[in-house]
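Asks:
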Amino acid sequence: MNDLTAHDRPLLQVLNLKKHYPIHGGLFRRQVGSIQAVNDFSLTMRRGETVGLVGESGCGKSTTGRAIMRLIEPTAGTILFEGEDITRIKGERLRQIRKDMQMVFQDPFSSLNPKMMVGHLVSEPIRNYESRTGKELEERVAELLVKVGLAEDSYYKYPHEFSGGQRQRISIARTLALKPKLVVADEPVSALDVSIQSQVLNLLQDIQADFGLSYLFIAHDLSVVKHISDRIGVMYLGRLVEITDKKSLYKQPLHPYTQALLSAVPIPDPNAKRERIVLQGDVPSPANPPAGCAFHPRCRHAVAACREQQPTLKQVAPHHEVACHLYE
Ligand code: SF4
Numbered sequence: 606m607n608d609l610t611a612h613d614r615p616l617l618q619v620l621n622l623k624k625h626y627p628i629h630g631g632l633f634r635r636q637v638g639s640i641q642a643v644n645d646f647s648l649t650m651r652r653g654e655t656v657g658l659v660g661e662s663g664c665g666k667s668t669t670g671r672a673i674m675r676l677i678e679p680t681a682g683t684i685l686f687e688g689e690d691i692t693r694i695k696g697e698r699l700r701q702i703r704k705d706m707q708m709v710f711q712d713p714f715s716s717l718n719p720k721m722m723v724g725h726l727v728s729e730p731i732r733n734y735e736s737r738t739g740k741e742l743e744e745r746v747a748e749l750l751v752k753v754g755l756a757e758d759s760y761y762k763y764p765h766e767f768s769g770g771q772r773q774r775i776s777i778a779r780t781l782a783l784k785p786k787l788v789v790a791d792e793p794v795s796a797l798d799v800s801i802q803s804q805v806l807n808l809l810q811d812i813q814a815d816f817g818l819s820y821l822f823i824a825h826d827l828s829v830v831k832h833i834s835d836r837i838g839v840m841y842l843g844r845l846v847e848i849t850d851k852k853s854l855y856k857q858p859l860h861p862y863t864q865a866l867l868s869a870v871p872i873p874d875p876n877a878k879r880e881r882i883v884l885q886g887d888v889p890s891p892a893n894p895p896a897g898c899a900f901h902p903r904c905r906h907a908v909a910a911c912r913e914q915q916p917t918l919k920q921v922a923p924h925h926e927v928a929c930h931l932y933e
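In structure tokens form, the structure reads like this:
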């Protein structure tokens, strides 16, 4: 009776994911340390959900996305996709799973082969997985191009003939070609002008319902993920420090790091006031993270316990988890 149907089952479950890179040194190139890019990262995503993942550069969010996609090997932890453990799968099974999990990158220009016509770029994933050819394939590509707001005749053009926003649309069409279930979007609008950013974000939202997509949306800025996300997770030095639904995060951020990030987001109402919390210093090196709470050297609320004990992520309100000694 407890068996979940395929639809009820979470789309993605990440349990205690770790990604450490060894540092070698000395005469014999022995391992002398490690860069702890991701530590104990856990996340469950529902079908059709959008989770924003936010933090300063170097906090491990992109590494987390790539490890989930199995583009890099996790050091430890478990990744379940539709209930199947995909942490160590290889070969044909991994190739098949990659159909369902696609990635959109920050720089569309470097992810698109400049020598290929747009039609070929968009049809390439289909040709790799399906037997469609000729007219049928062309029609499918034309349909995808129109879906992402490009003219049908874009088929015969090359990436350099398009603006940055249009190139990101080509990448999105390519991503949609195999009808994935999960899209990991790694800073997909960061390289675009602000005026174009909202157009691409709107497109991602529009196609979400049509294609039944779930997004893990990675960004360094809380204002970018605000509109698109259902829930938002904040990462600091490889760890998730707060996760909750969008409304709670923007209304009542609990972690001092989230409060600082949010204080930098402009408020649309000119009469509303918000104290700007300026963070001192940079994110510490993941090769040598501070003891206790990794945020303590920059935290204005730090107490003695923060320098000694690492806080763990705990639920402090319905659907609101935070890792901070202030809430224990
Ligand atoms: Fe600040 Fe301490 Fe909370 Fe870390 S645990 S965020 S140092 S108050």
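If you're matching positions, the sequence shown starts at 606 in my numbering and goes up one per residue.
Every residue gets a Cβ at the ideal spot worked out from N, C-alpha and C, and that includes glycine.
Note that the structure is predicted; figures quoted are calculated from it, not measured.
Using the beta-carbon of each residue, find all residues closer than 5 Å to any heavy atom of the ligand SF4 and list them in chain order.
Replies: P861, C898, F900, H901, C904, H906, A907, C911, P916, C929, H930 and L931
Asks: Pick out the complete alpha helix (DSSP H) segments inside the stretch 641-689, 4 residues or longer, and give them in chain order.
Replies: 666-673
Asks: Taking all protein chains shown into account, decide if H571 is buried (16 or more other Cβ within 10 angstroms of its Cβ) or exposed.
Replies: Lying before the first or after the last residue shown, residue 571 is absent from the chain, which here runs from 606 to 933.
Asks: Kindly indicate which three-state DSSP category L622 falls into: helix, strand or coil?
Replies: strand
Asks: Assign Y820 to one of two classes, buried (16 or more other C-beta atoms within 10 Å of its C-beta) or exposed (fewer than that).
Replies: buried
Asks: In whole angstroms, what separates the C-alpha of L842 from that of E735?
Replies: 41 Å
Asks: Return helix, strand or coil for T780, following the three-state DSSP convention.
Replies: Reduced to three states, the DSSP call for T780 is helix.
Asks: Who are the Cβ neighbours of R881 in its own chain at under 6 Å, not counting the five residues just before and after it?
Replies: Cβ within range, chain order: S868.
Asks: What does the alpha-carbon distance come out to for the pair T780 and Q711?
Replies: 13 Å
Asks: Could you check what DSSP says for T849 in three-state terms: helix, strand or coil?
Replies: Shown here, T849 sits in a strand according to DSSP, grouped into three states.
Asks: By Cβ distance below 6 Å, which residues in the same chain neighbour L854 in space, the five residues on each side in sequence not counted?
Replies: I837
Asks: Grouping DSSP H, G and I as helix and E and B as strand, with all else coil, what is R836?
Replies: strand
Asks: In terms of residue numbering, what span does the beta strand (DSSP E) encompassing L809 cover?
Replies: Note, L809: premise wrong, no beta strand (DSSP E); alpha helix (DSSP H) at V799 to F816.
Asks: Residues bridged to F822 by DSSP?
Replies: G657 and A790
Asks: Would you say the stretch 743-753 touches the stretch 671-690, given that touching needs at least three Cβ pairs under 8 Å?
Replies: Pairwise C-beta distances place the stretch 743-753 out of contact with the stretch 671-690, as fewer than three of them are shorter than 8 Å.
Asks: If E661 sits next to V839, beta carbons under 8 Å apart, how far is it from one beta carbon to the other, in whole angstroms?
Replies: With a Cβ gap of about 10 Å, E661 and V839 do not count as contacting.
Asks: Let me know the secondary structure DSSP gives S728 once reduced to three states.
Replies: helix
Asks: Note down, in chain order, each residue of its chain lying with its Cβ closer than 6 Å to the Cβ of P861, except the 5 sequence neighbours on either side.
Replies: C904 and H906
Asks: Taking the alpha-carbon positions, what's the L926 to S667 distance?
Replies: For the record, residue 926 in the displayed sequence is Glu; it is not Leu. For E926 and S667, the gap between their C-alpha atoms comes out near 21 Å.
Asks: Under 8 Å between the Cβ atoms of L918 and A928?
Replies: yes
Asks: How close, in whole Å, do the beta carbons of I731 and A782 come, if the pair is a contact with beta carbons under 8 Å?
Replies: 5 Å
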